[in-house]
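Asker: Input: one structure, supplied below.
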Amino acid sequence: MTQAEQLQVNLKGRDLLELDDYTTEEIQYLLDLAIELKRKQKNGEVYQPLKGKTIGLIFEKSSTRTRVSFEVGAFQLGAHALFLSKNDIQLGRGEIISDTAQVLSRYLDGIMIRTFGHHNVEDLAKYASVPVINGLSDLAHPCQVLADYQTILEQKGKLKGLKLAYIGDGNNMAHSLMIGGAKLGVHVSIASPEGYEPDAEVVKQSREIAKATGAEIVVTHSPQEAVKDADAIYTDVWASMGFEEEQKIREAAFKDYQVDEELVKHAKSDYLFMHCLPAHRGEEVSAGVIDGKNSVIFDQAENRLHAQKALMAALMG
Ligand code: CP
Ligand code: NVA
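Residue 68 in numbering that gives the first Met the number 0 sits at position 69 of the sequence shown, and the numbers go up by one each step.
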């Protein structure tokens, strides 16, 4: 058996709650597969390993990219995707997650869930007998980060030894970028205002993982320090979904954390500007930077499709 075939066997039937579920080799395999599936699609090659299968997409929060890329990706792989808004299923009326998981497992070949507390994803995975994919929780956003590292790999030709600076809220994006960077040997520097640092447990876990790959994980309050000589600068909204009522307080706390023309001068001249989107121009990023020549935001958004196709093919195939 080749290494790729072995990895394929390893991934079949697994869940993806966060990237720490996977080895460095398994993540690299998924990134390579995503690039291969992108090439196939651009060449007009039909590839339908999931013919006759169905994935359910549970959404407790809004979405543009995640919903559309999972639905389109499933269709392109020959599968059917069911959009299950919390408001339309019994989960929204109090049916418990464990019953929901067991019922859905009798119909579906995979479940994606976008939710608030990460424990909801864990509970779903615990009780479902089909693969469960985290489509964003308050703690983690691994699907986005697969697409992000795919984008950096495509743009820079490598990942190991590069530096990614993340400026802003120590949220789900910061966490998954740290874990993914640690797994892939990418140095990650996070600059957040006091009180908005990433979760200390996730930082500790990332540093533990990074010992094997040589990645350096830095947490600071200085955006300038984080951005210094960076190959990629990443930011995200100041108030994530579920935290909207804190918008005003956060605007004050984050006012010195905008990625603007002045800050990016500290990075390498060929730095990539990255954002998971949706973005707020004039808050976490200036319009000049997000719409400027270093911005790869639409490549990231596109790669959600290819990365999740790789994921669905690997887990549900
Ligand atoms: N980046 C991302 O997950 O976007 P959506 O919220 O539109 O799915
Ligand atoms: N941190 C953001 C990411 C959106 C894709 C949120 O959770 O709202």
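Built from N, CA and C at the ideal position, the CB exists for glycine as well. Computed from a prediction, not measured in an experiment: that's the story for all the values here.
1) What residue range is occupied by the uninterrupted alpha helix (DSSP H) comprising A266?
2) Alpha carbon to alpha carbon, how far is I198 from A211?
3) Specify, as a first and last residue, the run of the alpha helix (DSSP H) that M111 falls within.
4) Pick from K162, K254, L161 and V120: whose alpha carbon is nearest that of D168?
5) CA-CA distance, E282 and I232?
6) Quick one: does the C-beta of M240 sit closer than 7 Å to a heavy atom of ligand 2?
7) Below 8 Å between beta carbons: does that hold for A229 and L163?
8) Find the nearest neighbour of Q299 within the set A266, A225, E207 and K37, judged by alpha-carbon distance.
9) With respect to 7 Å, is the separation between the Cβ of Q149 and the closest non-hydrogen atom of ligand 1 below this value?
10) Quick test of your reading: L271 and I112, contact by CB under 8 Å. State the CB separation rounded to the nearest angstrom.
11) What are the residues that DSSP puts in a beta bridge with G162?
12) According to DSSP, Y233 sits in a beta bridge with which residue or residues?
13) Closest to G180 by C-alpha separation, out of V8, Q5 and L18, would be which residue?
14) Quick check on the DSSP output: the beta strand (DSSP E) that includes I133 runs from which residue to which?
15) I need the straight-line Cα distance from D98 to Y126, nearest angstrom please.
16) On the criterion of 16 or more Cβ atoms from any shown chain inside 10 Å, does F297 qualify as buried, or is it exposed?
17) Please classify F297: does DSSP put it in a helix, a strand, or coil?
18) For the alpha helix (DSSP H) that A225 lies in, which residues bound it at each end?
19) If you drop the 5 nearest sequence neighbours on each side, which residues of the same chain put their C-beta closer than 6 Å to that of G109?
20) In angstroms, rounded to a whole number, what distance separates the CA positions of I1 and A146?
21) How is G55 classed by DSSP in three states: helix, strand or coil?
22) Tell whether a beta-carbon distance below 8 Å holds between A306 and Q149.
23) Would you call R280 buried or exposed, if buried means 16 or more other Cβ atoms sit within 10 Å of its Cβ?
24) Which residues mark the beginning and the end of the alpha helix (DSSP H) in which H118 is found?
25) Around the Cβ of K264, are there at least 16 other Cβ atoms within 10 angstroms (buried) or fewer (exposed)?
26) I believe G72 touches K308 by the beta-carbon criterion, under 8 Å. Please report the beta-carbon distance rounded to the nearest angstrom.
27) So what's F82 in DSSP terms, helix, strand or just coil?
28) Which two residues bound the contiguous beta strand (DSSP E) that contains V217?
29) Within 7 Å: the Cβ of S62 and any heavy atom of ligand 1?
30) Using 7 Å as the cut-off, classify the Cβ of D108 as near or not near the heavy atoms of ligand 2, replying yes or no.
Answerer: If we stick to the structure as given:
1) Following the DSSP letters along the chain, one finds A266 in no alpha helix (DSSP H), marked with neither H nor E.
2) Checking the sequence shown, residue 198 turns out to be Asp, not Ile. Going from the Cα of D198 to the Cα of A211 covers about 21 Å.
3) Not the alpha helix (DSSP H): M111 falls in the beta strand (DSSP E), residues G109 to R113.
4) Comparing Cα positions, the closest option is K254.
5) 15 Å
6) yes
7) yes
8) K37
9) no
10) About 30 Å separates the two Cβ atoms, so there is no contact after all.
11) Rather than Gly, the amino acid found at residue 162 in this sequence is Lys. H186.
12) Y165 and M273
13) L18
14) In the sequence as displayed, the identity of residue 133 is Asn instead of Ile. Counting along the chain, the beta strand (DSSP E) containing N133 begins and ends at V131 to N133.
15) 8 Å
16) F297 should be labelled exposed.
17) helix
18) P222 to V226
19) I54, V129, P130 and M315
20) Reading the sequence as shown, one finds Thr at residue 1 and not Ile. Distance between the alpha carbons of T1 and A146: 25 Å.
21) strand
22) yes
23) By the 10 Å Cβ count, R280 comes out exposed.
24) Here the alpha helix (DSSP H) through H118 covers H117 to Y126.
25) exposed
26) 4 Å
27) strand
28) I216 to T219
29) yes
30) no
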